[in-house]
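Chemist: FYI, in full-length UniProt numbering the residues of the sequence shown are 1 to 237. Ideal placement from N, C-alpha and C gives every residue a C-beta, glycine not left out. Questions regarding the structure given below will be posed in turn.
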Amino acid sequence: MGKKKQANSDRMQTLTLATVIILFLGLGVFALVNNIIGGDEEKGDAGQEATVDETVFAYDQQPVLGNGEAPVRIVEFGDYKCPTCKRFADEIYPKLKKDYLDNDKAGFYFINNPLLGEDSITAGIAGEAVHEQDPAAFWKFHEAIYENQGNERETWATKDFLVKMAKQAAPGIDHDKLEKAIDKESFKQQVEQDRAIAIRSGVSSVPSLFINGRPVPHSLDYEGIKQMIEEELKKAK
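Here it is, written out as structure tokens:
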């Protein structure tokens, strides 16, 4: 009888330990995902302080809005499924466009950093395909995806959704060609190259912003961003 009680006690201890381990691992995964999609809002761009050698950004291979020859170059590393990236697109991007891009004071570059799922990669592929056809149409497509962003925990950036967005935002491109590019993952290598650039730049969260290679502490702080841009403009005079 005593042996049976001891066995039951050992079994309960084992189950309790297993439960604790599962809970611990679950909290770890949650913390990792939370850091990826929202870490920038709390910690800035992955807490990075050192200026990055701008050659790593491969500016000539990236979509650019505004003046690509301007003395100020703003780089965003983003994921189309990231909710904080949507906040950046809704709240910060329009101000940058009005204050610095429409008047050619700066150039704004978007680099894919797909972290949240396979359809993050699919969205990046679609963006690259649109850009290859029409660089100007890319930005309309880019804006449309964020305007219609789904839940980051669901698979919504599908071929059908992306082609639909392109038909609405970029009616002038060849949509059959876009559909084939998504099916064949024709631009996956470009998206993977973007991800490699993010890694070499020390980027581990989205959105992450750089101004002339300088990491922006808080990508949702427009006054801080504006101050950094003005500093770079003064240097160029």
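Closer than 7 Å by C-beta to E152: which residues in its own chain qualify, once you throw out the five before and the five after it? Chain order, please.
Modeler: Same-chain partners within the cutoff: I37, K81, C82, P83, L116.
Chemist: When DSSP labels each residue in this structure, what does residue 245 get in the three-state scheme?
Modeler: The chain is shown only over 1 to 237; residue 245 falls outside these bounds and no answer can be derived.
Chemist: DSSP beta-bridge partners for S208?
Modeler: Note: S208 sits in a beta bridge opposite F77.
Chemist: So K98 packs on A70, CB below 8 Å; how close in whole Å?
Modeler: Actually they are not in contact, since the Cβ atoms of K98 and A70 sit about 15 Å apart, beyond 8 Å.
Chemist: May I have the straight-line CA-CA distance separating I111 from V72, to the nearest angstrom?
Modeler: Cα to Cα, the separation comes out at about 16 Å.
Chemist: Can you name the start and end residues of the beta strand (DSSP E) that V64 belongs to?
Modeler: Per DSSP, V64 belongs to the beta strand (DSSP E) from 64-66.
Chemist: Looking at chain C, is there any beta carbon in it that lies within less than 8 Å of the beta carbon of E132?
Modeler: Among the protein chains of the structure shown there is no chain C, as only one such chain exists.
Chemist: Who does G107 pair with in a DSSP beta bridge?
Modeler: G66, R73.
Chemist: Suppose the cutoff is 7 Å on Cβ atoms and the five residues either side in sequence are ignored; what does the same chain contact list for P114 look like?
Modeler: The answer, listed in chain order, is D79, S120, I121, G124, V191, R195.
Chemist: Which residue marks the beginning of the alpha helix (DSSP H) containing T84, and which one marks its end?
Modeler: Counting along the chain, the alpha helix (DSSP H) containing T84 begins and ends at 83-87.
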